[in-house]
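For reference, the structure is listed below as structure tokens.
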Amino acid sequence: MKKMIFPKSLKKGDKIAVISPAGAVDVPQLEKGIEMIRSRGFEPVPGEHLYTKFSNGYNYAGTEKERAKDINWAFNDTEIKAVWASRGGYGCQHLLQHLKLKKFMENPKWYIGYSDNTVIQSYLLKKDFVSIHGQTIKTSSFGVTDESYDLIFDILKGKKPKYTLESHQLNKEGNIEGELVGGNLALIYALLGTKYSFDFKDKILFIEDIGENFYALDRMIMSLELAGVFSKIKGLIVGGMTNMGDEKDNQSYEDSFDEFAYKLISDRISKYKFPVAFAFPNGHIKDNRPLLIGANVKMNVDSNVKIDF
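Okay, so the sequence shown: first residue is 1 according to this note's numbering, each after it adds one.
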């Protein structure tokens, strides 16, 4: 097994870059998060195009060139010790062909984000770097628990997470250990067949999503099956499935752990023998506890669920 690279822990006064690699944001949406970084003893450093807006069928935080400039600055500036995405949305795929990691390779730093940021984390994993799949600086409309951020700061200071959770009725028992891959299901699906896709062999896969029609969810899970993903992985962790539904009532589902979505996934993977943990608190949900993409994790699914990095 190859040795994954963990960025160095941060110390008081270290600089954390805040960038917008995908969707546009307004100043009020980030004020609380930026002040939070400062209150924890770190120095938030905004990217040049943090609040830039560019519309081309979607409201991006700047052109591809502008967003690529910011992320490459954040990755390679030696004074920056961590990079925190302002939000997800759509647009991170644009940056994959423009990423440069020359100085980052010499001085790795934590990258923090989720949702659309899954593709950036897949890119970093290809280079053997661990990243944090956790809450962005912009909080969601349903809010985010203080613990969601506390746990990220714990990781930045060198503490790896451990979780013990109640079991779910659809869980499949087992005790395994392996490297964690994945993130937002739609982005995992979008990367299939590209050179940026995750390597799934002998990995533990994590998936979460929001606002997908049930047929679209089924299509993505089917695509993973047809690509042989479920024949390769050692285990599966399913996080938040928020506001899922069909075309006429897509917005009516507000349960972060949509049971119909879980049943759909469970039925599709029923023939596989690997352990499965449903309802892990990570994703587009209020209780968004961070995971380490690329890190080795021990997963024990029994009368309860233990996830130990």
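Virtual Cβ for every residue (Gly too), placed ideally from N, Cα, C.
Residue range 131 to 133 is occupied by the beta strand (DSSP E) that includes S131. For G33, there is no enclosing beta strand (DSSP E); the enclosing alpha helix (DSSP H) has its first and last residue at 27 to 39. DSSP places F214 in the helix class (H, G or I) of the three-state scheme.
Just measuring C-alpha positions, the residue of H168, A85, K69 sitting nearest L95 is K69. Contiguous alpha helix (DSSP H) elements confined to the stretch 106 to 156 occur at 118 to 126, 146 to 156, taking only those with 4 or more residues. Contact between the stretch 157 to 172 and the stretch 216 to 223 is not established, with fewer than three Cβ pairs separated by less than 8 Å. In this structure, A85 places its C-beta atom within 7 Å of the C-beta atom of N117. One thing to note: I71 has its Cβ within 7 Å of the Cβ of I19. Rounded to whole angstroms, the separation of the alpha carbons of M244 and L291 is 23 Å. Here the alpha carbon of N175 sits roughly 47 Å from the alpha carbon of N56. In the structure shown, Y90 falls within a coil segment according to DSSP collapsed to helix, strand and coil. About 6 Å separates the beta carbons of F274 and K234, which is inside the 8 Å limit, making them a contact pair.
When DSSP states are grouped into helix, strand and coil, L192 belongs to the coil group. Just so you know, the alpha carbons of G211 and K2 end up roughly 36 Å apart. For Y163, there is no enclosing alpha helix (DSSP H); the enclosing beta strand (DSSP E) covers residues 162 to 166.
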